[in-house]
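A.B. asks: Before anything else, here's the structure in question.
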Amino acid sequence: MNIGKLKSFITSKLEKELPEYISYHDVQHTIDVLNTCNAYIRRMKIAEKDAFLLRTAALLHDTGFLWGFENHEEKGMAYTRKILPDWGYSNRDIDIVCKLIKATAIPQKPQNTLEEILCDADLDYLGTDKFYKIGEKLYREFMHFQIVKNREDWDRLQVKFLQSHSYFTAFAKKHREPVKQKYINEIILKHGWNSL
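Taking numbering that gives the first Met the number 0, the leading residue of the sequence shown gets 0, the next gets one more, and so forth.
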């Protein structure tokens, strides 16, 4: 059970096999989520075994995109159950990793601290200075899947999502939520919307 080797294995698979139109749920997103989880692990002094399972889930949480956009969490969980026994994970550990992956499905419904961390790490960028840069990658992906038709459509979807989204950890509530609120206001002002 070596997280460094698993990281190399997963990131290599994503780089080689993800379709080009997956512009947001890509290798960089996986690495960003892992790095953000690592920051939470240090900040919250997460126990070593729990940290290991959290890192594993961070690496695997979007692997389902290898097999399609719909129900990608379920596909990622199936892949997790397929490969992790060969990496020395117990059935109990695999169950925990799968529950962590499932918690990231929108709307997020984490049931414990580790799930809260992964959910907040998954959407950390919403409350950072990378909001527009990373959001652009998601916009391109959504355009490909015809989830949005144009920029205004995208902005409406963004505002609705941002208004319904909540962070779970104390750190994100304090440091990410206020920044996210600023972006909501910027998008609404840009269009002169009163409300959605």
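No residue lacks a Cβ here, since even glycine has one placed at the ideal position from N, Cα and C. Since we're looking at a predicted model, the values are computed, not measured.
Under 8 Å: do the region 70-86 and the region 116-124 share three or more Cβ pairs, one atom per stretch?
C.D. replies: Because the criterion of three Cβ pairs below 8 Å is not met, the region 70-86 and the region 116-124 do not touch.
A.B. asks: At which residues does the alpha helix (DSSP H) containing residue 99 begin and terminate?
C.D. replies: For the purposes of this step, residue 99 is taken as residue 100 along the sequence shown, with counting starting at 1. Residue 99 -> alpha helix (DSSP H) spans 90-102.
A.B. asks: With burial defined as no fewer than 16 other Cβ atoms inside 10 Å of the residue's Cβ, what is the status of residue 189: buried or exposed?
C.D. replies: Residue numbering aside, residue 189 sits at position 190 when the sequence shown is read from its first letter. Residue 189 comes out exposed.
A.B. asks: What do you reckon, are the CB atoms on residue 183 and residue 161 nearer than 8 Å?
C.D. replies: Along the sequence shown, read from residue 1 onward, the residue named residue 183 stands at position 184. Along the sequence shown, read from residue 1 onward, the residue named residue 161 stands at position 162. In this structure, residue 161 lies closer than 8 Å to residue 183 by Cβ.
A.B. asks: According to DSSP, simplified to helix, strand and coil, what is residue 17?
C.D. replies: Mapped onto the sequence shown, residue 17 falls at position 18. Here residue 17 sits in coil by DSSP.
A.B. asks: DSSP three-state call for residue 129: helix, strand or coil?
C.D. replies: Position 130 of the sequence shown, counted from the first residue, corresponds to residue 129. Here residue 129 sits in coil by DSSP.
A.B. asks: Thinking C-alpha only, which one of 91, 114, 87 and 181 is nearest residue 130?
C.D. replies: Within the sequence shown, residue 130 is the residue found at index 131, counting from 1. Here the closest residue by C-alpha is 181.
A.B. asks: Just to confirm the assignment, what range does the alpha helix (DSSP H) spanning residue 79 have?
C.D. replies: Translated into positions along the sequence shown, residue 79 becomes position 80. Start and end: 71-82.
A.B. asks: Report yes if the C-beta distance between residue 64 and residue 24 is below 8 Å; otherwise report no.
C.D. replies: Against the sequence shown, residue 64 aligns to sequence position 65. Against the sequence shown, residue 24 aligns to sequence position 25. It is a contact, given that the beta carbons lie within the stated cut-off.
A.B. asks: Quick one: any contact between the region 16-32 and the region 131-139, if contact means 3 or more CB pairs under 8 Å?
C.D. replies: The region 16-32 is in contact with the region 131-139.
A.B. asks: Tell me the DSSP secondary structure of residue 184 in three-state form.
C.D. replies: Taking the sequence shown and counting its residues from 1, the one referred to as residue 184 is at position 185. Residue state, collapsed to three classes: helix.
A.B. asks: Among 127, 175 and 32, which residue has its Cα nearest to the Cα of residue 62?
C.D. replies: On the sequence shown, position 63 is the one that residue 62 refers to. Closest option to residue 62, Cα to Cα, is 32.
A.B. asks: Would you report the Cα separation of residue 153 and residue 87, rounded to the nearest angstrom?
C.D. replies: By 1-based counting over the sequence shown, the position of residue 153 is 154. By 1-based counting over the sequence shown, the position of residue 87 is 88. The alpha-carbon atoms of residue 153 and residue 87 are separated by roughly 43 Å.
A.B. asks: From the DSSP output, in three-state form, read off residue 166 for me.
C.D. replies: For this step, residue 166 is matched to residue 167 along the sequence shown. The answer is coil: DSSP assigns residue 166 none of H, G, I, E or B.
A.B. asks: Under three-state DSSP, which class holds residue 5?
C.D. replies: Numbered from its first residue, the sequence shown carries residue 5 at position 6. Here residue 5 sits in helix by DSSP.
A.B. asks: Hey, how far is the Cα of residue 175 from the Cα of residue 67?
C.D. replies: Translated into positions along the sequence shown, residue 175 becomes position 176. Translated into positions along the sequence shown, residue 67 becomes position 68. Computed Cα separation, rounded: 30 Å.
A.B. asks: What did DSSP end up calling residue 159 once you bin it into helix, strand or coil?
C.D. replies: Taking the first residue of the sequence shown as position 1, residue 159 is located at position 160. If DSSP states are grouped into helix, strand and coil, residue 159 belongs with the helices.
A.B. asks: Over the uninterrupted alpha helix (DSSP H) stretch that includes residue 39, give me the two end residues.
C.D. replies: In the sequence shown, the residue the question calls residue 39 occupies position 40. 26-43 is the span of the alpha helix (DSSP H), which, as asked, contains residue 39.
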